[in-house]
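Engineer: Quick one: structure below, then a few questions.
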Amino acid sequence: GEIIKQISETELTLGERFRIEQGIEIGRRARELYPGGLLIDDTDLVSASRKTKRLMDDADVSIILEGAFLIDGFVARADILR
1 GEIIKQISET ELTLGERFRI EQGIEIGRRA RELYPGGLLI DDTDLVSASR
51 KTKRLMDDAD VSIILEGAFL IDGFVARADI LR
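Residues 1 to 82 in the UniProt record's numbering are what the sequence shown lists, from first letter to last.
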């Protein structure tokens with residue numbers, strides 16, 4: 001979702017639009033499969049990565065959805081962290 005907000009659809013190739021739509025669908029299905037998972041829905045990547053780290057360190061948390069990792073300017077988001 002955050003990429004779509006930053007780039008107008010006319011700037012995206014068909015392949016890029018497809019990957020974004022697939023990513024959204026996978027995220028939706030992950031939430032259906034793991035309804036008790038804790039969703040990291042922050043659009044601020046620094047905040048999201050801090051929350052992810054905090055939740056990963058919490059022994060009571062077993063599932064994290066949309067976990068974020070920010071390292072040396074590179075970003076990765078995981079649909080499901082178990």
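Don't be surprised by glycine CBs; every beta carbon is placed ideally from N, CA and C.
Look at Ala68 and Leu45 and say whether their C-beta atoms are less than 8 Å apart.
Structural biologist: In contact: Ala68 and Leu45 (Cβ atoms closer than 8 Å).
Engineer: Where does Gly36 sit, in a helix, a strand or coil, going by DSSP?
Structural biologist: The answer is coil: DSSP assigns Gly36 none of H, G, I, E or B.
Engineer: Give the secondary structure of Val73 by DSSP, where H, G and I count as helix, E and B as strand, and everything else as coil.
Structural biologist: Residue identity check: residue 73 is Gly in the sequence provided, not Val. Correct three-state label for Gly73: coil.
Engineer: Hey, would you say Val75 sits closer than 8 Å to Leu38, going by beta carbons?
Structural biologist: Taking 8 Å as the Cβ cut-off, Val75 and Leu38 do not qualify as a contacting pair.
Engineer: Would you identify the three-state DSSP class for Leu81, choosing helix, strand or coil?
Structural biologist: Strand, per DSSP.
Engineer: So Val46 is in the alpha helix (DSSP H); what residue range does that whole segment cover?
Structural biologist: Unbroken alpha helix (DSSP H) run through Val46: 45-56.
Engineer: In chain order, what residues of the same chain lie with their CB nearer than 6 Å to the CB of Glu51, ignoring the 5 residues before and after it?
Structural biologist: The amino acid at residue 51 is misidentified as Glu; the sequence shows Lys. Ile40.
Engineer: Which residues share a DSSP beta bridge with Gly67?
Structural biologist: BP columns for Gly67 point to Ala78.
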